[in-house]
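Participant: From first to last, the protein sequence lines stand for chains A and B. Residue numbers for the first sequence follow the UniProt record's numbering, so the first one is 1 and each next one is one higher. Residue numbers for the second sequence follow the UniProt record's numbering, so the first one is 1 and each next one is one higher. Here a beta-carbon is modelled for each residue, glycine too, at the ideal position from N, C-alpha and C.
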Amino acid sequence: MGMTLDKEARQGLTLLSPTALYALLMLAAPLAMVVTFSFWTQNYLDIETTLTLDNYREAWSKPIYQVLMIRSLKISLLVTVVTVVLAFPIAYFLSFHVKNRKALWLFLITVPFWTSYLLRVFLWKVILGYNGVLNTALMELGLIAEPLTFILYNANAVVLTLAHAWAPFAILPIFVALEKIDRSLLEAAEDLGDGPVRRFFRITLPLAMPGVIASTLIVLIPTVGDFITPKLVGGTDGLMIANMIQIQFGKANNAPLGAALAVSSMMIVAVISLIIYAAGKKFGGRVQ
Amino acid sequence: MSSLSKYLSGKWLTVYAVVYMLFLYAPVFLLPMFAFNDATIISFPLQGFTTKWFDVLWETQALHGAVRNSATVAISTAVISTILGACAARASARYRFPGKRPVMGFIMLPLVLPEIIVAVSLLVLLMQLGMSLSLWTVVAGHVLICTPFSIAILSSAFQGLDNSLEEASFDLGESRWGTFRRVILPLVMPGVVSSLLICFTISLDEFIIAFFLTGTDVTLPVYIWSQLRFPTKLPSVMALGTILLALSVVLLILAEWFRRRAAKKQGIEASAGGFM
Numbered sequence: 001m002g003m004t005l006d007k008e009a010r011q012g013l014t015l016l017s018p019t020a021l022y023a024l025l026m027l028a029a030p031l032a033m034v035v036t037f038s039f040w041t042q043n044y045l046d047i048e049t050t051l052t053l054d055n056y057r058e059a060w061s062k063p064i065y066q067v068l069m070i071r072s073l074k075i076s077l078l079v080t081v082v083t084v085v086l087a088f089p090i091a092y093f094l095s096f097h098v099k100n101r102k103a104l105w106l107f108l109i110t111v112p113f114w115t116s117y118l119l120r121v122f123l124w125k126v127i128l129g130y131n132g133v134l135n136t137a138l139m140e141l142g143l144i145a146e147p148l149t150f151i152l153y154n155a156n157a158v159v160l161t162l163a164h165a166w167a168p169f170a171i172l173p174i175f176v177a178l179e180k181i182d183r184s185l186l187e188a189a190e191d192l193g194d195g196p197v198r199r200f201f202r203i204t205l206p207l208a209m210p211g212v213i214a215s216t217l218i219v220l221i222p223t224v225g226d227f228i229t230p231k232l233v234g235g236t237d238g239l240m241i242a243n244m245i246q247i248q249f250g251k252a253n254n255a256p257l258g259a260a261l262a263v264s265s266m267m268i269v270a271v272i273s274l275i276i277y278a279a280g281k282k283f284g285g286r287v288q
Numbered sequence: 001m002s003s004l005s006k007y008l009s010g011k012w013l014t015v016y017a018v019v020y021m022l023f024l025y026a027p028v029f030l031l032p033m034f035a036f037n038d039a040t041i042i043s044f045p046l047q048g049f050t051t052k053w054f055d056v057l058w059e060t061q062a063l064h065g066a067v068r069n070s071a072t073v074a075i076s077t078a079v080i081s082t083i084l085g086a087c088a089a090r091a092s093a094r095y096r097f098p099g100k101r102p103v104m105g106f107i108m109l110p111l112v113l114p115e116i117i118v119a120v121s122l123l124v125l126l127m128q129l130g131m132s133l134s135l136w137t138v139v140a141g142h143v144l145i146c147t148p149f150s151i152a153i154l155s156s157a158f159q160g161l162d163n164s165l166e167e168a169s170f171d172l173g174e175s176r177w178g179t180f181r182r183v184i185l186p187l188v189m190p191g192v193v194s195s196l197l198i199c200f201t202i203s204l205d206e207f208i209i210a211f212f213l214t215g216t217d218v219t220l221p222v223y224i225w226s227q228l229r230f231p232t233k234l235p236s237v238m239a240l241g242t243i244l245l246a247l248s249v250v251l252l253i254l255a256e257w258f259r260r261r262a263a264k265k266q267g268i269e270a271s272a273g274g275f276m
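1) Below 8 Å between beta carbons: does that hold for I208(B) and E115(B)?
2) Can you give me the Cβ contacts of P98(B) inside the same chain, cut-off strictly under 6 Å, excluding the 5 residues immediately before and after it?
3) When the Cα atoms are used, what is the spatial distance from T110(A) to L24(B)?
4) Closer than 7 Å to a non-hydrogen atom of the ligand COA - does that hold for the CB of L239(A)?
5) Could you run through the region 206-232 of chain B and flag, in chain order, every residue whose CB is less than 9 Å away from some CB of chain A?
6) Determine whether the beta carbon atoms of P30(B) and V126(A) lie at a separation below 8 Å.
7) In chain A, which residues lie less than 7 Å from S248(B) when you measure between Cβ atoms?
8) Would you say the region 172-188 of chain A touches the region 208-223 of chain A, given that touching needs at least three Cβ pairs under 8 Å?
9) Given a limit of 9 Å on CB to CB distance, which residues of the region 174-186 of chain A reach chain B?
10) Measuring alpha carbon to alpha carbon, tell me which of F88(A), A188(A), A59(A), A242(A) ends up nearest M209(A).
11) What's the C-alpha gap between A75(A) and D226(A)?
12) Are the C-beta of A270(B) and some C-beta of chain A separated by less than 8 Å?
13) Identify whether N43(A) lies in helix, strand or coil by the three-state DSSP scheme.
14) How would you list, in chain order, the residues of chain B whose beta-carbon sits under 9 Å from the beta-carbon of residue 303(A)?
15) For residue 301(A), which residues of its own chain have a beta-carbon under 6 Å away from its beta-carbon, when the five flanking residues on both sides are left out?
16) What are the residues in the region 205-225 of chain A lying within 9 Å of chain B by C-beta distance?
17) Could you list the residues in the region 18-30 of chain B with a C-beta less than 8 Å from some C-beta on chain A, going in chain order?
18) If we count the other Cβ atoms within 10 Å of its Cβ and call it buried at 16 or more, is Q288(A) buried or exposed?
19) Taking the continuous alpha helix (DSSP H) assigned at A167(A), which residues delimit it?
20) Entirely within the region 12-82 of chain A and at least 4 residues each: give me those alpha helix (DSSP H) ranges in chain order.
21) Give a yes or no on whether the C-beta atoms belonging to residue 330(A) and T149(A) are separated by under 8 Å.
22) Using a Cβ-Cβ cut-off of 8 Å, state whether A168(B) counts as contacting chain A.
23) So, under 8 Å CB-CB, S43(B) and V143(B) are touching, yes? Tell me the CB distance rounded to an integer number of Å.
24) Measure the CB-CB distance between A119(B) and T219(B) and report whether it falls below 8 Å.
25) Could you say which of A259(A), A279(A), M267(A), S273(A) lies nearest to V35(A) if we only look at CA atoms?
26) So what does DSSP say about F29(B), is it helix, strand or coil?
27) Quick check on L104(A): buried or exposed, where buried means 16 or more other Cβ atoms within 10 Å of its Cβ?
28) Answer yes or no: does any C-beta atom of chain B fall closer than 8 Å to that of W40(A)?
29) Specify, as a first and last residue, the run of the alpha helix (DSSP H) that R96(B) falls within.
30) Can you find the residues in the same chain that come closer than 6 Å, C-beta to C-beta, to F211(B), ignoring five residues on each side of it along the sequence?
31) For a contact defined as C-beta to C-beta under 8 Å, what are the partners of E8(A) on chain B?
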């Protein structure tokens, strides 16, 4: 291109190169490999390297994969809505009502997240089980006569457990967005006669939108790929697409099909994310 | 509508916040309860106090191996991620160059990529290259997901640096390396320590990548996963979880303390500059 880089640019690029190179070798190359793999086929013990769309045909047409994919998306979207809606008031509380101890609250919110993920999921099984903490407590209090069975080994349990696991990731971006809101805007709205409700919907929520969108995406994208929670608390009705991907790479020994399933689910999630991003930008941008 | 304004009022929000925190802490409170509970079955009512489940941990050889493996992986991950994170954070905070945004964006990508995708793509590449799985393949995966966290922590440390300090050091005859070692490094050191601790904690607890990329030597979470299948092993797993919880909390408090010291150090530095 005939472009010469100045000294500063060269120094910057040199300094960034180890990290960039690592990402290239350990992220770009593997991602390219998994996409290539999805066009190959498993031939017993060997991999057949003729390019074909067979894996995608199977992934998109077989009912079992369709069911798992649709269920994963439903569960993930539900988890995202539940997590973000539950998290918003906490972020609002931290930003507008906590005066002196914000850092302490933030720290307390992140502590449960740093305990072993596996054990946290497992403990939800203990809480929600037939003889679990919740059922025992409710029966002691005389609120129920028989243990509740609809709370474990189904999609409800998966939603609850994931909403718990991703709580801090939903709270923090919304909190950051709320902190950035210029408080004088709210006063101005009040002076101009907006009540608290109008003020919330016309000023606070639109300005907090970037944070809401960020937390929506941060929760949605990884939950589609979780296979521990469905396996531990989901029962057979709560299994998700990631469980199938894991099976294809493991017991079923069909890595190319697993790769096609992984690529397909990533594409679908990417499209949904873009739609959410665009919708959020429109809503947030209009009022600003 | 008036119910909503009530809902946004301070009193109700405080009540909500307390209930929400109980929800967040429910599993965390249960962990030590069952670790010290004198019963093989994990359920209420509690049966009495015991420390025998912790004694079981001392006698389990497979666990000791897993702890050693996890320590190796977590320490290696922390050191490599922090070095890579420091390079990227410094480059991004100090220099302007073409392509900075897309390259940085790509490096930060693992933050929003499901771990299973990172895991299977690395697995596929390693299979294709004919490399065998070992603790080092786990480290390779962990470095990938920890580097973005390290960059996030170190970026604020490097952004707070005053460029004039660096210029002053050059004017006084220090070399580039000397300036880095004697001026910049001491100022960002608390951030570096904080990054090491956070990366160590993430790696120690990471399961999905370790599950796919581990060979015959398993890490601690993979070991815990294998134990969850056996009901009789559960109380000692609870004891192990309690120890890990205590360790994580201590490491986090340390990381936070170092991060604040970094902020304070630079705050004083900046105010001194302003005063002059």
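Facilitator: By the coordinates alone:
1) yes
2) none
3) The alpha-carbon atoms of T110(A) and L24(B) are separated by roughly 9 Å.
4) As presented, the structure is devoid of all ligands, the ligand COA included, so that no description of it is given.
5) E206, F207, I208, F211, F212, L220, P221, I224, W225, L228
6) Note that residue 30(B) is Leu in the sequence shown here, rather than Pro. Their beta carbons are under 8 Å apart, which means L30(B) touches V126(A) by this criterion.
7) S248(B) reaches chain A at W114, T115, counting residues in chain order whose Cβ is nearer than 7 Å.
8) Contact between the region 172-188 of chain A and the region 208-223 of chain A is present: three or more C-beta pairs spanning the two stretches fall below 8 Å.
9) none
10) F88(A)
11) Just to set this straight, residue 75(A) is Ile in the shown sequence, not Ala. I75(A) and D226(A) have their C-alpha atoms spaced approximately 11 Å apart.
12) Residue confidence is low: A270(B) scores 42 on pLDDT, short of 50, so the model does not pin down where it sits. Its coordinate-derived value is still stated next. Cβ-Cβ to chain A under 8 Å: no for A270(B).
13) It is a strand residue.
14) Past the edges of chain A, shown from 1 to 288, lies residue 303(A), and the structure says nothing about it.
15) Outside the modelled stretch of chain A, which goes from 1 to 288, sits residue 301(A), for which no answer is possible.
16) Here the close residues are L217, I218, I221, P222, T223, V224, G225.
17) Y20, M21, F23, L24, Y25, A26, P27, V28, L30
18) Interpretation of Q288(A) is limited by its pLDDT of 38, a score under 50 that renders its predicted location unreliable; the figure taken from the coordinates is listed afterwards. Answer is exposed; the Cβ neighbour count stays below 16.
19) For A167(A), the enclosing alpha helix (DSSP H) starts and ends at 167-180.
20) Secondary structure remark: continuous alpha helix (DSSP H) runs of at least 4 residues inside the region 12-82 of chain A, in chain order: 29-37, 54-61.
21) A query on residue 330(A) cannot be resolved here, the shown segment of chain A reaching from 1 to 288 and no further.
22) no
23) Their Cβ separation, rounded to whole angstroms, is 40 Å, which puts S43(B) and V143(B) out of contact at 8 Å.
24) The beta carbons of A119(B) and T219(B) sit no closer together than 8 Å.
25) A259(A)
26) helix
27) exposed
28) no
29) For R96(B), no alpha helix (DSSP H) run applies, since DSSP gives it neither H nor E.
30) Excluding positions up to five away in sequence, the list reads V222.
31) Correct list: Y95, R96, F97.
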